[in-house]
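Take a look at the structure set out below.
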Amino acid sequence: MRYGRTIRRGWQAAILCCALFGAPLFAQVSSYGDKQSGDNAGDQLPQVLQKVGVSQHLNQQLPLDASFVDDTGKTVKLGDYFGKHPVILSLVYYNCPMLCSEELDGLTGALEMVKLTPGKDFDVVIISIDPSETPETAAAKKAFYVKRYGRPETASGWHFLTGQRPAIDAVTNAVGFGYVKVPGPDGKLTQFAHASSIEIVTTDGKLAQYYLGVEYSPKDMLLGLIDASGNKIGSPVANILTYCYHYDPQTNKHSLIIARVVQFGGMVTVAGLGGFMFLMFRRDVNSAREHDLTKKENG
């Protein structure tokens, strides 16, 4: 049973997020024409992104004494959210122009189909990796996703945290979450390249399971939460990384690999549909001709 679940999780991709030129902060995915594409830097991962990725540290203890500020402005310890329930952990930054919203959308959508209740059966802890972000920003994100989840009575089970670099580094190092700063539209290092993943953590604060990518299986998440509630540690998943962008620090540009793949896929779909319609049209024409010939012969 666990082996099958591990294989299914493994095929989910961890997606790398880089800055989007000209993308508004509230946007999730801009259209192809809204982005500026740089030249491809080849198939080699740029040096600036060598430390980006997710190393799975199963059974690793989280730093429960790490200090953060919650979405109400209250100073808290990470350990405040452990002891009773398992925790779903997500490392993002709230002003991320694309990928973080996709990750939180995927998490929220999966939880809508998990028949457990945040705050009662488990907690959701979202930590910003950007020390410049504020509790006000965290509160706005929490309000958005609690509303999207559609169960406002569960708000006490959702925790959106901000913190300073030492606490952030303590958590990201424990999780194995690698990320680097990259330039934003203004050329300043205000955005981050990172991989997308969520983690399930046991009631005593140990990493029990990783889920990679931006879409998560509700069934797997339910089973992971049940296991973590009993402090059971899962198995590692295949760490398949799909890179959204190749970032070229020399040209300060990002190559839109995903956009081009999607565009190519659309062309293939249109071509296939056109070919199918052409074949069906020819078949109808031939059938009509045969029908006319049969009528003439019988007439």
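Going by mature numbering (1 follows the signal peptide of the UniProt record, and there is no 0), the letters in the sequence shown line up with residues -27 to -1, 1 to 272, in that order.
All C-beta atoms, glycine included, are put in the ideal place defined by N, C-alpha and C.
Under the 10 Å beta carbon count, serine 63 is surrounded by 16 or more other beta carbons and is classified as buried.
A distance of 9 Å or more separates the beta carbons of glycine 56 and glycine 92. Classified as exposed, glutamine 23 has fewer than 16 neighbouring CB atoms from the shown chains inside 10 Å of its CB. Closest by C-alpha distance to lysine 47, out of Met253, Lys179 and Pro108, is Pro108. The C-alpha of proline 104 lies about 10 Å from the C-alpha of proline 139. Spanning the alpha carbons of asparagine 146 and serine 170 requires a straight line of approximately 14 Å. Beta-bridge pairing by DSSP links valine 25 to no other residue.
With respect to glycine 136, serine 202 sits apart: the two C-beta atoms are not nearer than 9 Å. Under the DSSP assignment, valine 155 falls in the beta strand (DSSP E) whose first and last residues are 150 to 155. Put simply, of Leu80, Ser74, Val65 and Ile199 the residue whose alpha carbon is nearest the alpha carbon of proline 59 is Ile199. Scanning its chain for C-beta atoms nearer than 8 Å, with the 5 sequence neighbours on each side dropped, one finds around phenylalanine 165 the residues Cys(-11), Tyr66, Cys69, Ile102, Asp103, Tyr152, Val153, Lys154 and Val155, in chain order. In the DSSP annotation of this structure, serine 74 is not part of any beta strand (DSSP E); the continuous alpha helix (DSSP H) holding it starts and ends at 72 to 85.
Excluding sequence positions up to five before and after glycine 149, its CB lies within less than 7 Å of the CB of Val27, Ser28, Gln29 and His30, all in the same chain and listed in chain order. In this structure, DSSP gives lysine 179 an extended state, which the three-state scheme calls strand. Counting only runs of at least 4 residues, the region 80 to 148 fully encloses the following alpha helix (DSSP H) elements, listed from N- to C-terminal order: 108 to 122 and 138 to 148. Secondary structure note for isoleucine 206: it is in no alpha helix (DSSP H), with a DSSP letter that is neither H nor E. Just so you know, the alpha carbons of leucine 80 and tyrosine 122 end up roughly 10 Å apart. The beta carbon of threonine 163 lies closer than 6 Å to those of Gly157 in the same chain, with the five residues before and after it left out. Taking the CA atoms as reference points, lysine 192 sits about 28 Å from leucine 37.
Within a 10 Å sphere around the beta-carbon of aspartate 159 sit fewer than 16 other beta-carbons, which makes this residue exposed.
Between leucine 84 and valine 98, the gap from beta carbon to beta carbon reaches 9 Å or more. The Cβ neighbour count for glycine 248, taken over all protein chains shown within 10 Å, is under 16; the residue is labelled exposed. If you compare the alpha carbons of Leu134, Ile100 and Phe95 with that of valine 42, the shortest gap goes to Leu134.
Residue pairing for isoleucine 199: DSSP places it in no beta bridge.
Per DSSP, histidine 167 is one residue of the beta strand (DSSP E) stretching across 164 to 167. Per DSSP, the continuous beta strand (DSSP E) segment holding threonine 48 begins and ends at 48 to 50.
Within the same chain, Cβ atoms closer than 6 Å to the Cβ of tyrosine 189 are found at Gly79 and Ala83, the five residues on either side in sequence being excluded. Leaving aside the five residues that flank glycine 52 on each side, the residues in its chain whose CB is nearer than 6 Å to its CB run, in chain order, Leu37. Of the candidates Lys88, Ala112, Asp142 and Gly178, Ala112 places its Cα closest to the Cα of alanine 128.
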